[in-house]
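Input: a single structure, listed below in structure tokens.
4 protein chains.
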Amino acid sequence: MVGLTHKLDAFLDHCGVVGIWGHEESSKLAYLALYALQHRGQDSAGIVSLAGGEFRRHVDLGIVADVFDEQKLAHLVGPAAVGHVRYTTAGTNGLQDAQPLLAKTFKGYVALAHNGNLVNADSLKEDLEKDGAIFHSSADTEVICHLLAKSQAETMDQRLIEALSQIRGAYALCILTKEGLIGVRDPSGVRPLVLGQLKQGYVLASEDCAFELIEAKRIREIEPGEMVIINESGITSMSIKNEEKLPKAQCIFEHVYFSRPDSRVFDVSVYASRMSMGKQLAKEHPAEADVVIAVPDSGVIAAMGYAKASGLPFEMGLVRNHYVGRTFIEPESRIRHFGVRLKLSPVKDVVEGRRLVVIDDSVVRGTTSRKIVKMLRLAGAKEIHLRVSAPPTMHPCFYGIDTPCRSELIAATHTQEEIVKYLEVDSLGYLSVAGLHAALSQVDGQLKNGMCDACFTGDYPIPLNQIGKRLSARRKNSDEVGNVLIARSANWDETDAATSQ
Amino acid sequence: MVGLTHKLDAFLDHCGVVGIWGHEESSKLAYLALYALQHRGQDSAGIVSLAGGEFRRHVDLGIVADVFDEQKLAHLVGPAAVGHVRYTTAGTNGLQDAQPLLAKTFKGYVALAHNGNLVNADSLKEDLEKDGAIFHSSADTEVICHLLAKSQAETMDQRLIEALSQIRGAYALCILTKEGLIGVRDPSGVRPLVLGQLKQGYVLASEDCAFELIEAKRIREIEPGEMVIINESGITSMSIKNEEKLPKAQCIFEHVYFSRPDSRVFDVSVYASRMSMGKQLAKEHPAEADVVIAVPDSGVIAAMGYAKASGLPFEMGLVRNHYVGRTFIEPESRIRHFGVRLKLSPVKDVVEGRRLVVIDDSVVRGTTSRKIVKMLRLAGAKEIHLRVSAPPTMHPCFYGIDTPCRSELIAATHTQEEIVKYLEVDSLGYLSVAGLHAALSQVDGQLKNGMCDACFTGDYPIPLNQIGKRLSARRKNSDEVGNVLIARSANWDETDAATSQ
Amino acid sequence: MVGLTHKLDAFLDHCGVVGIWGHEESSKLAYLALYALQHRGQDSAGIVSLAGGEFRRHVDLGIVADVFDEQKLAHLVGPAAVGHVRYTTAGTNGLQDAQPLLAKTFKGYVALAHNGNLVNADSLKEDLEKDGAIFHSSADTEVICHLLAKSQAETMDQRLIEALSQIRGAYALCILTKEGLIGVRDPSGVRPLVLGQLKQGYVLASEDCAFELIEAKRIREIEPGEMVIINESGITSMSIKNEEKLPKAQCIFEHVYFSRPDSRVFDVSVYASRMSMGKQLAKEHPAEADVVIAVPDSGVIAAMGYAKASGLPFEMGLVRNHYVGRTFIEPESRIRHFGVRLKLSPVKDVVEGRRLVVIDDSVVRGTTSRKIVKMLRLAGAKEIHLRVSAPPTMHPCFYGIDTPCRSELIAATHTQEEIVKYLEVDSLGYLSVAGLHAALSQVDGQLKNGMCDACFTGDYPIPLNQIGKRLSARRKNSDEVGNVLIARSANWDETDAATSQ
Amino acid sequence: MVGLTHKLDAFLDHCGVVGIWGHEESSKLAYLALYALQHRGQDSAGIVSLAGGEFRRHVDLGIVADVFDEQKLAHLVGPAAVGHVRYTTAGTNGLQDAQPLLAKTFKGYVALAHNGNLVNADSLKEDLEKDGAIFHSSADTEVICHLLAKSQAETMDQRLIEALSQIRGAYALCILTKEGLIGVRDPSGVRPLVLGQLKQGYVLASEDCAFELIEAKRIREIEPGEMVIINESGITSMSIKNEEKLPKAQCIFEHVYFSRPDSRVFDVSVYASRMSMGKQLAKEHPAEADVVIAVPDSGVIAAMGYAKASGLPFEMGLVRNHYVGRTFIEPESRIRHFGVRLKLSPVKDVVEGRRLVVIDDSVVRGTTSRKIVKMLRLAGAKEIHLRVSAPPTMHPCFYGIDTPCRSELIAATHTQEEIVKYLEVDSLGYLSVAGLHAALSQVDGQLKNGMCDACFTGDYPIPLNQIGKRLSARRKNSDEVGNVLIARSANWDETDAATSQ
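Chains as they are written, first to last, in the working numbering: chain H, 3 to 503; chain Y, 3 to 503; chain E, 3 to 503; chain V, 3 to 503.
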């Protein structure tokens, strides 16, 4: 899946969360839901189950299908479970950071699955460590655990509200305690979280594409700043504090690229929004061409939209190889565009002698696009008009989708003309920010307001003034991001090195 | 890949072969070519390389990406190599049958990679065993090894021609000996084999989709009954005997389903032939509907053809899950149509309230199609018109694609009306045999004559009178196949049981 | 090694520790030292190394030879390292409890390897948790980490003295921080720790049998209540607080059974002390017999002592199988005394028709001894006089050697007569407590005073009044131990159940 | 590849065989018997079982405990089984050569387990290959399979007698066919094979130490040149042809070193014969010394005999480490005598300041002995008198025990004086050949005549004139052994392997 894969080099910290309550095979349902959310993270997977006051946990590196087997799921007994899939960068703590975390506090065990990123994790961590806390992972999520352990409030929901009142950033959480299954979205609602009904019990998940497989019925999305507690008493909803009165800021990138097309996200069909983006793209950037093709799979729906709006025929000019493994060995006599060739092949019959509109859903560094273009040229393409179904990615995300630093974003460092030249395309068109919003507003559900488009605009809805050394270190040479200057860390390497196997 | 996957339950003995000559990194190229041929067999993979008179072999169960790593390829030194991918049924010899076979004869080592099936393997085997031969695998290919070892002819090509003169059936072979790399197709040319040029040296492969990745240039297909020997003297071509004057009989199923769409097979683009089949299907079986969708991935191209010819819009009503593992654990409280749901999800936005034309490329037992139909109904489809881009599969294949026995082929045992009822579709249309031939004759290359369509018609071009107990046993209850009565084996189980790990 | 193995069922929490300072291949030396200390624990092994402020850790379940390979050791760079081997019960936290622990405190990383058991770990843990601490293992050692993290003292040695002042129990610690390698023994000196000189640098180890392999020269033992800090400034010694003025109480069991015979422990040769015990045993319990044999390997030296003192010949009447694996499959038609037969075989030539003195170093539950006796009878032994080179084990150990609860100790629940009958021996003699002390006082070094013999006498030198629910739970039905009543925990199961994989 | 590997395979040689007939859990008994025979080969293990005409096989590299688990044994159903353990050098064919072999001949399946070496395997193989046979392993045993497959005789015993009449060399075979379990020893009876009675059924094994664990009763040894067939009709005995009238030539090395001390081999207790060798050694080579110690474990019994005869005390001056793994990593700053130190430690208390008699059972190259001597010196030994309980090993074995070529046998290339100097011992004494025979004749059973002592004397009882290029090539460069010219290796690495473990 080239579309996804080449992005994975660029966007990190993808995660998917799930929670099941009230089903006797909760861990099996969580497992199937994680499997449906696998596109949100492929590096680790985990489930914590709860039965009669007893928590059981299994997490491991790898995809859901490899992490779990019949025996491991059989071990995860009980009517409640939370699960997590995670994408992580090579150098991180690996297994130690795998979620859900399971922490023993004096008031009992808490299992947490987190999608998102906190902007004040580092300063909170420093305070906690000064006070004697020992951190075992590098995950932001552990900060929440320690805040919960510190809280002297009586009930879990009070302790949780107290803990969440101290954190800033983006989070969709599934939390499991003896008191119940808890789902929370941050006050801005950056990351999605949706509630469904099982034949017995309830399910929370990052996307409702997880519902199809487990035969759940969508109820509704959790609201920004809402906390729901699901237990024997049913579903209780309450608000978490939002003192700063942050506006709603749902991640537009979930629609552009991250979510699955068979999901409804922020109450809008992703399939429909992508089709609409493709149509809008055709309006903004028509092309004299013979055929529209997509970079599969992520560009396919927008390409069909473009084809419809433009009247050009849509064809499969590139086919994916379905058996791509983790690593591939290249001959020493290098093969041109090896990585792209492994994943995609041109269909000569479609490409040869034709003027192509090629639809992709993003151009981040430009290296992959350039290779695809070359491959299509070799296959005989006469003209290549690249159309991107999103605006230029200009700014890093601090809320759970990790983009490279500005200096690596081709759109942030080069003019349109330079990019055309670099990619060796005949023409290039990005969807405009306004066009993107327009496209979203034209689908059922009318996703008009309260979207975070900071990766395109640099307008960060949640203040970044507490972002610590960690984020900066990750983007080593990143300079100005949005309007924030990131300080560089002198001693990060030393700290990082203490990670174990 | 649901299309392929659900078929794999039904068609066995898929294989892909490759040979490299004259490239210093022959095993790496063979490995990459096998990777591109992975769709032809996922159960075992292997390569034999040759360097300075020394043969090295690595075969294992699993897909190419898992079977080989840097170290194993580094071990397979030398400028020549043959490789193989294989699909095998659960009960077979496993690793022992993995190819390429490497046999030591008195005249030297011979490595063989074979795609196809011999119809007289069992009687040859019996004769050889009576004479003292000890067989170590259950692969037909080993019969060829023993015939080669027995031959007292002077040169390898003479010994090979002598051996091949005794065998009947379908075969595309890549053979490696110290004398050179040899490629052969049987006199009927059932299985494909294509020759390409590397920057240094040559490549033989089952399909030319393997050429893109290794930057080879297609030269031509090996002819039915042709043997080419590639060595320092270049390429020598000769004819193998065809005493029975068998007609050309190239496998039509390669175009219908088996080959990759970016291959040219029998000198015709598979993409083009499938598009043509879809168009023909629309002519034969129009439908009053709102939208055309495909069972991805194998039905997609025909669906686009159908859409074009019918004027109906093509949409992605079903999306594939890309992370399907080998095994999945289902809750005990069974999920309806679990297997299909794992692989496919309906896109509500496309399906709901719509009248669908659903294109699939085959209906074998009907069980999977029935599940897909139900899933689409649950997603809100108003009408479902199933269109199959091939004729009904009525007869087993004895030439290298293993279909179930007639009693399991829904089209062989039920009327059209019964199938419609069983699948719960509103209408059903198969491409006619004449239409299939017509579709093929309308594409560039005009694949008109000399095709084997026995799986649709029962007209077996290579006589089956020597088919032994083994094939019959495999199809336990199979009775009349085509016009041949298969004898049942009394003692097969005993023989088969001696297989080891 | 049957002697050891059958004990392993009874005595848990064996551990061995090592520390290396000032050698460029510190982790390799630690690895070899752990290998020599393998008899102290076979379930997990680990090393933390330190290079230029960077800590690296590798721990895993299994024996040293399996846990480490060339690559893993190569990763553990740096001139300082600490290591640990551990025996753990099946139900514990497994990998999470594997040592050395590596904890990040606000003042830097601390790696700890611990041999022993704290008697107030649970109450300290409860206090820490109330204050918000989150524990990640069930090891006592983590309590020390949290106490260190809490301490606001300036220097590591101050923080460590502050932390150790709060703990009670038995401990020999190897601690690695940027400030240096630290070795400590508790004020009673229950567990051994010995200092050696490398060609470059220094080594600390549980036993000096680890020195032979790494070519270290024994310097001296660390004193009870002594802390040594090894760094660039050399070796600094200081006292840790001992407010309760606890007497010296070195573990007598190290000599009886646990240490290797080629070690000097508490300044006395273990070989010599065992030989002396055998001689004393002969004096206390002579026998009319033809030959003295041992239960190998642990009983061999005492048996030789017995033979010498008694004038009877020593022979190898039982030979060990060297290839005992972890698990063995028994036929359903049960084999008598299967477990013992796997490990030991009688030598008919020695046993048949003879009156045997059989020397073992302990009889815990009696089940293994009974099987050995039966096996010797089947091999033709005429009489069997069992002589045990230690007093009856009557009381559990709370200082690092885990014995079963009293109810499972045959000597605690049965009379001598009953035991003779149960074991089906002709006579039985245990070494007396006085005899044991006498035997130790007769060897060079004169190990006379300050020994802990609580497992034989019930006189616990370190007060047990803070022993918490954990120890009690482990000995589920244990009642009176020594003179201390253990409270049973109501909610242990719940806590224990939260262990993860 | 093959050329090299089949050479290595000729001299592997340590092997153990077992056969079970008439017990419903035959494979479990075979597994336990192999476990008891593990000292005869640690590199591969395998079992073939037979149930109702169905053969099942599992073989793998590794020790018995690792090769089999509950599931694998459960698969090996049926009342009859044969098993094999094998020692192989690193470079050989590995799994392909693992036994028992299972060959399908036209007359049915035959499973063979073989201990020994054929001297005419290569010429037979060449003939068979010329005739078209394809060999799949490099094991001599496969020659027997092909001869069996070629035979047109009616019954299995006739076919077997026909096949065996063509082979020359040493063999003890366990063969399983539908006709029964067959045990054979070659006409000279070089390798042992013993028959036992199970509660149900019968057992054949290389040594009767395998009987203890499975509760079998020793019946008798199979005679040289005898073939027994065990089936429903009971036990039938017949003679195989011995046209050359070869004399009985039972391997003396089984008693000196190879067999387990709790076995009776050639009707004599190995324990007793070793004790007798030690006594004889004391007579031939007394020493002025303080104490007798052994190189454990193999030297222990002879050392006890030496001590008895000499009146000197026996002590454990060297202790073995029980946790030696397959590989160990040494620091780059080399440790002196690393390999020896890993396995053995000196006990200072025994060694320091003492004059030692050190008993070993062989000195092959001398390198290990030299290291042990140095280690004892470092531990403070005053004098070291090395006594070897066997004559100097001067000649290679061609009948199943691999010794290095003459040029590497220290006793074959150096004078006694030179060896004393090289080993740095104060004196050295080997048991004389006459003394060895005398020692054997003094034990019960009186093992007087018909022994093969070629490794000590060069008198090869089975003519070597058919030894092919394979054997010679292995000892690349020439050297006269007996009356045969052997190729000699300049740097023979693997020698040590034949003496270790």
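For glycine and all other residues, C-beta sits at the position ideal for the given N, C-alpha and C.
Using C-beta distances below 7 Å, list every residue in its chain close to residue i, excluding the 5 sequence neighbours before and after it, in chain order.
| i | result |
| --- | --- |
| Y273 of chain E | P263, D264 and I303 |
| Q168 of chain Y | L126 and L149 |
| G110 of chain H | T179 and K180 |
Near residue i, what residues of its chain come up, given a Cβ to Cβ distance below 6 Å and the 5 sequence neighbours on each side ignored?
| i | result |
| --- | --- |
| I22 of chain H | S28, L31, A32, A83 and V205 |
| R266 of chain Y | D210 |
| H1 of chain V | Chain V is shown only over 3 to 503; residue 1 of chain V falls outside these bounds and no answer can be derived. |
| L120 of chain H | D142, I169 and G171 |
The alpha helix (DSSP H) that contains residue i, what's its start and end?
| i | result |
| --- | --- |
| I254 of chain E | No alpha helix (DSSP H) contains I254 of chain E, which DSSP labels as neither H nor E. |
| M240 of chain H | First-last for M240 of chain H: G236 to S241, but that is the beta strand (DSSP E), not the alpha helix (DSSP H). |
Where does residue i sit, in a helix, a strand or coil, going by DSSP?
| i | result |
| --- | --- |
| S40 of chain E | Here residue 40 of chain E turns out to be Gln, not Ser, going by the sequence shown. Here Q40 of chain E sits in helix by DSSP. |
| F57 of chain E | strand |
| M396 of chain E | coil |
| V20 of chain H | strand |
| M229 of chain V | strand |
| T417 of chain E | coil |
| I184 of chain E | strand |
Count the other C-beta atoms from every protein chain shown that fall within 10 angstroms of the C-beta of residue i, then say buried if there are 16 or more, exposed otherwise.
| i | result |
| --- | --- |
| K201 of chain V | exposed |
| H16 of chain H | buried |
| N323 of chain H | buried |
Going by DSSP, what residue range makes up the beta strand (DSSP E) through residue i?
| i | result |
| --- | --- |
| S364 of chain Y | Taken as a continuous stretch (DSSP letters only), S364 of chain Y belongs to no beta strand (DSSP E), as it is neither H nor E. |
| S347 of chain Y | L346 to P348 |
| field | Stretch pair the region 62-82 of chain V + the region 240-260 of chain V: three plus CB contacts closer than 8 Å | value | They do not touch, by the three-pair rule.
Taking one C-beta from the region 32-50 of chain H and one from the region 101-112 of chain H each time, how about it: are there three or more such pairs within less than 8 Å?
Yes: the two stretches touch, three or more of their Cβ pairs being nearer than 8 Å.
Would you call the region 131-147 of chain V and the region 147-163 of chain Y touching, i.e. three or more CB-CB distances under 8 Å?
In short, these stretches touch, since the Cβ pair count reaches three.
- Should the region 396-416 of chain V be called in touch with the region 308-325 of chain V, which here means at least 3 C-beta pairs below 8 Å? No, because fewer than three Cβ pairs between the region 396-416 of chain V and the region 308-325 of chain V fall closer than 8 Å, the two stretches do not touch.
(message) Using a Cβ distance threshold of 8 Å, determine whether the region 276-285 of chain Y contacts the region 383-398 of chain Y, with at least three qualifying pairs required.
(response) Of all C-beta pairs linking the region 276-285 of chain Y to the region 383-398 of chain Y, three or more are shorter than 8 Å, placing the two stretches in contact.
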